[in-house]
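Novice:
In the working numbering, the protein residues as written are 1228 to 1911.
1) Hey, could you find the ends of the beta strand (DSSP E) residue 1478 is sitting in?
2) I need the DSSP call for residue 1447, collapsed to helix, strand or coil.
3) Quick one: grab the DSSP three-state call for residue 1521.
4) Looking at the unbroken alpha helix (DSSP H) that takes in residue 1352, where does it start and where does it end?
5) Give me the Cα-Cα distance between residue 1362 and residue 1869, rounded to the nearest whole angstrom.
6) Which ranges would you report for the alpha helix (DSSP H) in the segment 1720-1782 if only whole runs of at least 4 residues count?
7) Which of helix, strand or coil does DSSP assign to residue 1230?
8) By the three-class DSSP mapping on this structure, what secondary structure does residue 1904 have?
9) Return the chain-ordered ranges of every beta strand (DSSP E) run that is complete within the segment 1661-1703 and spans a minimum of 3 residues.
10) Would you mind working out which of 1402, 1899, 1555 sits nearest residue 1836, comparing C-alpha positions?
11) Beta carbon of residue 1784, beta carbon of residue 1734: below 8 Å?
12) Counting pairs of beta carbons, one from the segment 1556-1565 and one from the segment 1609-1623, are three or more of them closer than 8 Å?
13) Assuming contact is defined by CB atoms lying nearer than 8 Å, are residue 1298 and residue 1274 in contact in what I supplied?
14) Using the three-state DSSP reduction, which class does residue 1834 fall into: helix, strand or coil?
15) Verify the CB distance criterion: does residue 1547 have a CB-CB separation below 8 Å to chain C?
16) Could you compute how far the alpha carbon of residue 1906 sits from the alpha carbon of residue 1713?
17) Just to confirm the assignment, what range does the beta strand (DSSP E) spanning residue 1595 have?
18) Just grab the DSSP bridge partners of residue 1932 for me.
19) Between the beta-carbon of residue 1416 and the beta-carbon of residue 1494, is there less than 8 Å?
20) Can at least three beta-carbon pairs, one atom from the segment 1468-1476 and one from the segment 1382-1396, be found at a separation below 8 Å?
21) Which of the three DSSP states is assigned to residue 1250 in this structure?
22) Roughly how many whole angstroms lie between the Cα atoms of residue 1357 and residue 1801?
23) May I have a chain-ordered list of the alpha helix (DSSP H) segments no shorter than 4 residues that lie completely inside the segment 1364-1430?
24) Determine the closest residue to residue 1326 out of 1291, 1288, 1277, with distance taken between C-alpha atoms.
25) Based on Cα-Cα distance, which residue from 1848, 1878, 1888 lies nearest to residue 1475?
26) Over the uninterrupted alpha helix (DSSP H) stretch that includes residue 1464, give me the two end residues.
27) To the nearest angstrom, how far is it from the Cα of residue 1328 to the Cα of residue 1438?
28) What does a CB cutoff of less than 7 Å around residue 1778 pick up in its chain, not counting 5 residues either side in sequence?
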């Protein structure tokens, strides 16, 4: 169910301006013209007298230019240092102290840019919220800073929320596949309204907010970061973005109702379960059909595999996809074909040493007669692409090593390539990437029924088996190691695997998923039985209403680096966990195949988690997870260098076997600690 929203006043639509990575530094000695504005109806009482605007550039500790805006909000800044190619320019506008309350916090507005634009800029509540969420992982009391490419990519993503030239909602946010199709535009409107209460009328509600609404915003953020307290309102919103489940949603929502907005913009009518902002991307709008999983390269580009050939209607038969997609960090899109691609599923992996992309071809397709026999895809191939998208495998793909309905892939630290063969109950290994030396780990040794995923923890290989609820450890030569967890009560149909920086391995326990590869072992069924959750109903914020079967199925399991212990953790709103990943802090992110939510758990290092949260405790709300009405059934999940959490909208909610594919990938902005992906070492 979609989160309800209403229309209130605010002019929002804007032409698309995507501020993405630039090829070089912006020259110094450039004048930047701009104006301060507000989304509040009637503007700011008394104008903008006394507001100070400061410009800062990556690599400079102090602001490089500071001016005072005039009464109309206009300002001119002399940018006398270059913006580095891997850095950004950001603006902070700060209100003067209130004469009657000199110690009370004041309003702060912000905007982040990848360079000095030729046109003038607007700094308002929209640019501030956009910057706070998209750049949440780079904002602290010293400013906005971080490493390439994540810092600059995050500034580009902020421009997908608010147009820095106009201060209006960006075309990406305002239009399809976002706009009125999801609740994000309304949530964004409510956040800007909450900030507007601080900008235009901070002391207008003394009974509810005796210290002013700006102080309330800082207090809400302080709950998310106890015992630290953000130094100002902009930093407070960035803290809320980083820890949206800890900051009290109802308190911030109440602030959003205090000030009427100008024009027409949607706002929420009820508080969300958490103040997340998620944006959907559909490429060219006619290619994605069942995106399965992600591989992120050193520049932050997302490589995405795909189940089906695109068909806009579920009842239109779809054969296996022959496409691989590359999304830029801000949503730009390229499509590649060839290389034997044929109905890929979950398996996609980047060889970090070369930048090449591996894809396993599970062979998704509508069954006969919907997809004709001659067009049915093979189920025994893999494909390989160069960093530029050139197919390195032939038209029939690679077939060495007994590939058999392959799913997960791993390129290990020795550059060996591993495939989980769902049908044969084996693993295929290309030692050092050498297909001529390919071999399979036999089912009799592996003892996994329906292997699904493979991961390298830096010391050994782990592989999951769905049907017998087991995980095995192997050495890099493919020998099953003594002390492997094997079948364990802490596992329940484990699917995706992910390793953290300390070598712990996390498994996504789906609880009931057994895949048709082509049939489920011990069953004549060739379809995934989801009856246990299809009938469940959820309310506007993602909580189970009690109608239909209990959907809270699944968990995660943490495996010690040597396999000596396995611990199961519940909660976080999990509903059929499928994909799993870890962020730069080792915290755990889970894509769910039901319930339209992202789940998160505290990793092995609890010091990186919200206050009072221990290893294995959920970070996302137990009843809702990080619910988003723009999700469908999700499989792959990945964290990028900006801290955005990406989820694959793999299947529609009611899957029709002729074409069950979803059509978007989704970015939850600023939620996770950024990851690092090394540049290819082609000479190594």
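Think of the CB as a built atom: it goes at the ideal place given N, C-alpha and C, for glycine as much as any other residue.
Specialist: Once the coordinates are examined:
1) Premise fails: residue 1478 lies in the alpha helix (DSSP H), 1476-1483, not in any beta strand (DSSP E).
2) helix
3) strand
4) 1352-1361
5) 7 Å
6) 1758-1761
7) Residue placement at residue 1230 is poorly supported in this model, since its pLDDT is 37, which falls under 50; the coordinates still yield a value, given next. Coil.
8) coil
9) 1666-1668, 1678-1683, 1688-1692, 1697-1701
10) 1899
11) yes
12) yes
13) yes
14) helix
15) Considering every chain present, this structure includes no chain C. It has just one protein chain.
16) 35 Å
17) Element bounds for residue 1595: n/a, residue is neither H nor E.
18) Nothing in the structure corresponds to residue 1932, since the chain is present only between 1228 and 1911.
19) yes
20) no
21) Note that residue 1250 scores a pLDDT of 40, beneath 50, so its modelled location is shaky and nothing firm can be said.
22) 28 Å
23) 1377-1385, 1398-1401, 1411-1427
24) 1277
25) 1848
26) 1460-1469
27) 9 Å
28) 1760, 1763, 1771, 1802, 1821, 1822
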